[in-house]
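Going by the numbering used here, the sequence shown opens with residue 3, and the numbers climb by one from there.
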Amino acid sequence: MNALELKNIEYTYSRNTPFENKVLDGISVSFEAGKVNGLIGHTGSGKSTLVQMMNGLLKPDAGEVLLFGKNIWEDPKKINDIRFRVGLVFQYPEYQLFEETCEKDIAFGPKNMGLDDGEIKRRVETSADFVGLDRDLLQKSPFELSGGQKRRVALAGIMAMEPDVLILDEPAAGLDPIGRTEIFGGIRRYQRTKGNTVIIVSHSMEDVAEYCDTLSVLRKGELLLSGECGSVFAHEKELTETGLGVPQITGFMRLLREGGMPVRDDIYTIDAAYREIMKMLGYKN
């Protein structure tokens, strides 16, 4: 079952002007319910525009955006309700923090949903736990926190609305390796606990290989590849031609194989590579 499906989407910026630019041309792509789905593409591929279609920030010139089979624009007056069901976290969301305390910032969405104080408090604390934000920080101003902590507050604010679909645009951009691991780990825990649908928009093949179940690749406003990560990464030539390539660990494993080592070359994560090398060396995993 698909949580989100975009069918025959077309969109043109600055229509009927000298600056007219068609960025999406009849694209159709779907995202499976209850999974972590990756959306990847080079700069200019149209992924940012497509993401804004998913919760109604942009309306397509043609085509349909379906949320669990229902067109989100069927009743334009209810488009705000869609934005509670499809949560979107933009790149560098910490720049959108504005409340006096972290708690108030995280509670902003649930409060606007009309929830009672007890439910709001539960959601604030639960979402803070998911992103690894110490509860002692909830009463502090978000502007006193580090960049990574601010990112956690912003992410928790969307999680607290408990959307059916959570969309994250480059959620670990600018973070160090430890911060990236913590953020993605929290996203994964959230998805497994809630059983909802997550869409991660990224340009990092390593991140989508590690954390996503499925992957869709865009190229110049069209869908190039879609499927489970392994099946997509098997198309190395097409990925390389579009400026993406495969995860670095995959290239490393292929070099080992070309050098005569009896290892598989369809390896896409560091954990899988470790197990394969240990197996080659005769160690039991």
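Virtual Cβ for every residue (Gly too), placed ideally from N, Cα, C.
query                                                                                                                                                                     : result
Report yes if the CB atom of residue 56 is closer than 7 Å to the CB atom of residue 169, and no otherwise.                                                               : yes
When the Cβ atoms of the segment 90-104 are set against those of the segment 143-151, are three or more pairs found closer than 8 Å?                                      : yes
Look up residue 221 in the DSSP assignment and give the residues it is bridged to.                                                                                        : 224
Which of helix, strand or coil does DSSP assign to residue 198?                                                                                                           : coil
My parser needs the beta strand (DSSP E) runs of 3 or more residues fully inside the segment 96-122; what are they?                                                       : none
The alpha helix (DSSP H) that contains residue 53, what's its start and end?                                                                                              : 49-56
Considering only C-alpha positions, which residue in the set 192, 177 and 233 is nearest to residue 131?                                                                  : 192
What's the gap between the Cα of residue 249 and the Cα of residue 120?                                                                                                   : 45 Å
Is it true that the segment 205-218 meets the segment 9-29, where meeting means three or more beta-carbon pairs spaced less than 8 Å apart?                               : no
Go ahead and label residue 198 buried or exposed: buried means 16 or more other beta carbons lie within 10 angstroms of its beta carbon, across all protein chains shown. : buried
Applying the 10 Å Cβ sphere with the 16-neighbour rule, what's the burial state of residue 257?                                                                           : exposed
Taking 7 Å as the cut-off, decide whether the C-beta atoms of residue 265 and residue 280 are in contact.                                                                 : no
Could you check what DSSP says for residue 35 in three-state terms: helix, strand or coil?                                                                                : coil
Just the Cα atoms here: how many angstroms apart are residue 124 and residue 252?                                                                                         : 42 Å
Determine whether the Cβ of residue 102 lies closer than 7 Å to any Cβ atom of chain D.                                                                                   : This model lacks chain D altogether, as it is built from one protein chain only.
Going by the DSSP bridge assignment, what does residue 129 pair with across the sheet?                                                                                    : Looking at the DSSP assignment, residue 129 forms no beta bridge with any residue, so it has no partner.
Is the segment 233-243 touching the segment 71-80, taking contact as three or more C-beta pairs under 8 Å?                                                                : no
Can you look up residue 286 in the DSSP assignment and give me helix, strand or coil?                                                                                     : coil
Please say whether residue 133 and residue 157 have beta carbons closer to each other than 7 Å?                                                                           : yes
Is the segment 214-231 in contact with the segment 44-58, if contact means three or more CB pairs nearer than 8 Å?                                                        : yes
For the alpha helix (DSSP H) holding residue 158, just list the boundary residues, first then last.                                                                       : 149-161
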